[in-house]
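Undergrad:
Protein chains in written order, with our numbering: chain A, 10 to 355; chain S, 10 to 355; chain U, 10 to 355; chain P, 10 to 355.
Written out as structure tokens, the structure is:
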């Protein structure tokens, strides 16, 4: 008999919530039983199609204030599509109820809570569960994901950057103090904030850097990469804002470690082999690089790599709302429930 | 000796203010003596280049709260680039001081104050000057503009629509109860409002109608057209929002009056002759229609017209910020001060 | 046992082909057995993922020259996603083989072949099948579609326009000689032509009308509407090009017939009832109009309607690539094969 | 009496030609006497307004095949807005006629002709004049520009990159083998090529790298920077294509030389002083970075710089068509003719 997962979403009315719902509607093993808002803002209950007209005639579930009784009875798994610093208000009780949780916020990604507090300007209220959370990047941590109770779904930039660097870092072939990442993201990465800088008249025809080398995703990237290569590492990281809706392209500049020797084609081979069995990483033919459109509306991370002698340049592209958020969350769910990893995602 | 106009702008920090400043900086007969904000909001004084970094090293004037002493001593002409309903708080005193005024708001465009009040939801506080205001569409009212003390600069949609209809209406060749205007505007028409509907993620990739047949520019258009043809007329008018920054294209559907007879090419000839001496109206060759880009960053209104027998289709294009606002205001200033009409505009 | 349709696509490498493939991959009752190009251009065979990198790891079928033996043995149903005037070179033989055919070109839409010849500049080579073709607009012709051997899938503009007019026309409540349609389409409607006018630098920031009242979709619209109201009718139709990729919004201006009487809300009711059971037409609440984004990436046609007394304004929105092309083709397939009409489309 | 320069443009119908014409029309000391095409393509003579409708009623000069008699009699200065490899067919004769020449192509920028030949795939036909050409970056070479007969106007990327690096390089404070430049350009940089990759449907919503570390502007940048710091240097350079029309933003990653010591704010001071007297370089306040829109439609290069300890990040923005091409060409003309450098450019 077919597996059936009863899913609830807390924070269903944001960008990630919207995409999650669309993915889960197409997923053969999922029933969306309940949609909740964050409980702030005073809205009691409204049909989800009032928030997303596209869902009219497709999903007739109300989005209401979180209700612990309903959660207890009707949900096996909860997705938290909440703003940073809000998720940790829900997690302790959910874990105590023995629910499995996939958190799309940053609250359980950074193991060192003082680093979290520095970048997110708030103290961490749930250090107990923080220790147990599993970082949900399947390409590196699939084994742990399988049995995770609390999964911290990676950030969008970290997904694109870590996958670009992992193959060379894992074999210690890189000068770890010279990594430069120049990343570019579409506007949806910032959610739906009503701020002047996100007006059409500000974005259209423009391009700019922001949070130059001070973005809150830097410590997340540094933490994972350091663990991977076994020494403390800090990348230089500059994110930029593209005048498009979706997608991230990261251009990564690497210097080979002095002792690292590669035959022609060797670096490319390394990438090809590293990701050979990965269903959602596609390494481009040698000399070819991905563009954002190759991955938009897909859960793929496409990677191009070229060896220029001392320097190696890697470019990765993802859809920030899919592989960079909701798609990866579903991929993690598939792993957690023993389903084929691509279910509902191809 | 060369004429020199000392100009002040009240409301200098909005979209129209910004464009006005750029035009006036290039105008050989203008000195910008003072820039003022609307007096609301509590900002006392800041360099204008803090609002518009582009003006750095180009205009070193502060934008401050309106100061009647400075206005009295240092300004011959005031441009009011203020929101609707704010201009009429300044005009009475300016007129009393014998200043000439070009008002870019809607406050002095609609002669019937009860119509104004219905569409702008506020009572008119300056009916005395309303009666004396001259409607600043040079192609129709040049004579009156020359000696105007108070000039009401036309709205953007009205400019594009009236110029498309005037030649046929002026000879009474139109069924006046069948005029349909389908207009499309770039986002800058709405100024810089911080509203969800003007976010990049809402506008990009989208297109929609708004204020369907209830837009506040309808009565302005109806008033001018009715005056032109000598009978009360009401158009059907649907504005739409384009995912671009600048420009308006109006597609106008006309039925010929039963008695109207035109030889082949006759309708086109009528347009060509009507605008023959106009420096800022360009009639396209027969069978050809303008696109928005033909007029962006210019003060031209481009018009294409084609006779389909019973139906005539006219398409006009303007830059809403120039011929539809600040450019036309400068054109009117040139007329008011006896300068060549194209000064600073070509 | 579940129904299984073996599908071949001829013309798989164009825009409509691409979207069709994506839809059919998600369709539980379809197996894509063969992909063919148009047979022109000399390409023998290449994996479809070389044309559409997104399909990599999702569909491992080559796109090759049409092969009649394969068609005969391996395809129950053929989709023709070919340019106009090319489809009619394939249809006679396919029909002779007893294959069912859904043609997405214009070749079998216009029953009067001399009208076809005037607008498509080529003589019709298959008048025999032209007579038998069923026009595939489910909302009007569902009964005939069920048993169609050859289905002419409607054009994108016609779909959006006919659905906006059908309810009022069907009850003869319209002045049939006063219908004005102002339609706006995204760029994908033009396919992937390599012409200067479709360069980014031409389209971005621009908007223009084209084929003013001479578009080849006019006769298709006129034919269906005339049939519906029982008298010959000609609309005024001006299409425009939007600087976006996908979507059509049609603004339709209607004059009520002199005798037509509606109580307040009556026109809206008429629409609501007319489309009550339609799975892919959504009538907006009274006074509300759709925007393009409501329908992009869906098979819905959203309709808003408002009664202004003598004038009624209807606005419809569709995704030109889905309800305006490939989505409607799949909807038609579902009807032809007795499947639930929304299968693979929600 | 006012200085008057009689100017001819060869290659007037391209993007740079268009912008040049617009600038020169506003320039008080210039008369455009003749416009020429490249002489290829067979067009004899057509009014320039047929190419650029915006120029209608503004410039009534025909664009014709180059005519040496007219050039000799009517032009003091020639701008060559020609494709690379075409300019060098005109220069020898122009120089022989004692005309002054501003060449906007790459033909006279790279002093080592074998490097030119490697990147532009054609042998250099005019090595004699190549030796005498002056590289027209006013901020570095103003003295030489004054008396130049043949001026090589810099490329767009080189302008943005060299200005970002010059202050630190000039004092040898940089590790010269670790410079990484991640540059992003609008589409107009590629001119108006009719290629699939420049279609709206390809560019819109997309972003990609191209010519990864192999772009033809690399040797131009390397040459100027090497000269500046006195040793051979090679940057890592990856250009990207933005879905916008105009503008370049270059993000430059620098490692300080081991011996370089700066007090807090010292690096920023260095930039501020280096460009203190430059009319077209604006250094942002410390900690602030420019966006593309700050410079679009201006001749400014805006620069932001921040010291992160071992790493310094510099971001520069220009309008590729102005400071990156035609604007800089006019700035150079002003210098060559002893005019105030900002004439016609503010």
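Beta carbons: idealized from backbone N, C-alpha and C, even for Gly.
Within 9 Å of any Cβ in chain S, is that where the Cβ of residue 167 of chain U sits?
TA: no
Undergrad: In chain A, which residues lie less than 9 Å from residue 28 of chain S when you measure between Cβ atoms?
TA: Simply none; closest approach about 13 Å.
Undergrad: Can you pull the chain S neighbours of residue 214 of chain U, defined as C-beta to C-beta under 9 Å?
TA: Under the 9 Å cutoff, chain S gives 195, 253, 254, 255, 256, 301, 302 and 305.
Undergrad: Check residue 233 of chain P in the structure and name its three-state DSSP category.
TA: helix
Undergrad: Would residue 210 of chain S pass as an interface residue toward chain A - the criterion being a Cβ-Cβ separation below 9 Å?
TA: yes
Undergrad: Taking a cut of 8 Å between CB atoms, which residues from the region 40-70 of chain P lie near chain S?
TA: Within the region 40-70 of chain P, 62, 63, 65, 66 and 67 place their CB atoms closer than 8 Å to a CB of chain S, listed in sequence order.
Undergrad: When Cβ atoms are compared, which residues of the region 216-228 of chain A fall closer than 7 Å to chain P?
TA: So the list reads 216, 217, 218, 221 and 222, given in the order they occur along the chain.
Undergrad: Which whole runs of the alpha helix (DSSP H) in the region 180-253 of chain S are 4 residues long or more, in chain order?
TA: Restricting attention to alpha helix (DSSP H) runs no shorter than 4 residues, the region 180-253 of chain S encloses them at 209-212 and 226-238, ordered along the chain.
Undergrad: Please state whether DSSP places residue 152 of chain A in a helix, a strand or coil.
TA: Three-state DSSP puts residue 152 of chain A in a helix.
Undergrad: What does the alpha-carbon distance come out to for the pair residue 45 of chain U and residue 151 of chain U?
TA: 29 Å
Undergrad: My output table needs one value for residue 264 of chain P: the three-state DSSP class, helix, strand or coil.
TA: DSSP, reduced to helix, strand and coil, places residue 264 of chain P within a strand of the structure shown.
Undergrad: Taking CB distances under 9 Å as the criterion, tell me whether residue 31 of chain A reaches chain S.
TA: no
Undergrad: Assess, as a yes-or-no matter, whether the region 70-90 of chain A is touched by the region 103-117 of chain A under the definition of 3 or more beta carbon pairs within less than 8 Å.
TA: yes
Undergrad: Is the Cβ of residue 92 of chain A closer than 9 Å to any Cβ of chain U?
TA: no
Undergrad: Quick one: what does DSSP say residue 137 of chain U is sitting in, helix, strand or coil?
TA: helix
Undergrad: Could you tell me which of S:21, S:28 and S:38 sits nearest to residue 55 of chain S, measuring between CA atoms?
TA: Minimum Cα-Cα distance from residue 55 of chain S among the listed residues S:21, S:28 and S:38 corresponds to S:21.
Undergrad: Answer with buried or exposed for residue 211 of chain P, where buried requires no fewer than 16 other C-beta atoms within 10 angstroms of its C-beta.
TA: buried
Undergrad: Could you spell out where the alpha helix (DSSP H) holding residue 344 of chain P opens and where it closes?
TA: Judged by DSSP secondary structure, residue 344 of chain P falls within the alpha helix (DSSP H) whose first and last residues are 335-345.
Undergrad: Do you know whose CA, among S:65, S:50 and S:16, lies nearest residue 308 of chain P's CA?
TA: Relative to residue 308 of chain P, the option among S:65, S:50 and S:16 whose CA is nearest is S:65.
Undergrad: State the Cα-Cα distance for the pair residue 316 of chain A and residue 324 of chain P, rounded to the nearest angstrom.
TA: 26 Å
Undergrad: With a threshold of 6 Å on Cβ separation, who are the neighbours of residue 225 of chain A within its own chain once the five nearest residues in sequence on each side are excluded?
TA: 128
Undergrad: Please confirm if residue 319 of chain U has its CB atom under 9 Å from at least one CB of chain A.
TA: With 9 Å as the cut-off, residue 319 of chain U does not count as an interface residue toward chain A.
Undergrad: Based on Cα-Cα distance, which residue from S:75, S:32 and S:93 lies nearest to residue 68 of chain S?
TA: S:32
Undergrad: Does any C-beta atom of chain A lie closer than 9 Å to the C-beta of residue 330 of chain S?
TA: no
Undergrad: Quick check on the burial criterion: 16 or more other C-beta atoms within 10 angstroms. Buried or exposed for residue 10 of chain A?
TA: Because the pLDDT of residue 10 of chain A is 48, which lies under 50, any placement of that residue in the model is unreliable, and the number read from its coordinates should be weighed accordingly. Residue 10 of chain A is exposed by the Cβ-count criterion.
Undergrad: Rounded to the nearest angstrom, how far is the Cβ of residue 301 of chain U from that of residue 216 of chain S, given a contact under 8 Å?
TA: 5 Å
Undergrad: Could you check what DSSP says for residue 315 of chain S in three-state terms: helix, strand or coil?
TA: strand
Undergrad: Nearest chain S C-beta to residue 205 of chain U closer than 9 Å, yes or no?
TA: no
Undergrad: Taking only beta carbons into account, state which residues of the region 90-119 of chain A come closer than 9 Å to chain U, listed in chain order.
TA: none
Undergrad: Could you say if the region 239-250 of chain U and the region 146-165 of chain U meet the contact criterion of at least three C-beta pairs nearer than 8 Å?
TA: Cβ pair count under 8 Å is below three, so no.
Undergrad: Just verifying my parser: in three-state terms, what is the DSSP assignment at residue 71 of chain P?
TA: strand
Undergrad: Would residue 335 of chain P pass as an interface residue toward chain A - the criterion being a Cβ-Cβ separation below 9 Å?
TA: no
Undergrad: How about residue 145 of chain S and residue 121 of chain S: are their beta carbons less than 9 Å apart?
TA: no
Undergrad: Unbroken alpha helix (DSSP H) runs of length 4 or more, entirely within the region 69-103 of chain P: which are they?
TA: Segments of the alpha helix (DSSP H) lying fully in the region 69-103 of chain P: 77-83.
Undergrad: Assign residue 106 of chain P to one of two classes, buried (16 or more other C-beta atoms within 10 Å of its C-beta) or exposed (fewer than that).
TA: With fewer than 16 other Cβ atoms within 10 Å, it is exposed.
Undergrad: Would the region 330-344 of chain A count as touching the region 254-267 of chain P if we require 3 or more Cβ pairs under 8 Å?
TA: Output reads no: the region 254-267 of chain P does not touch the region 330-344 of chain A.
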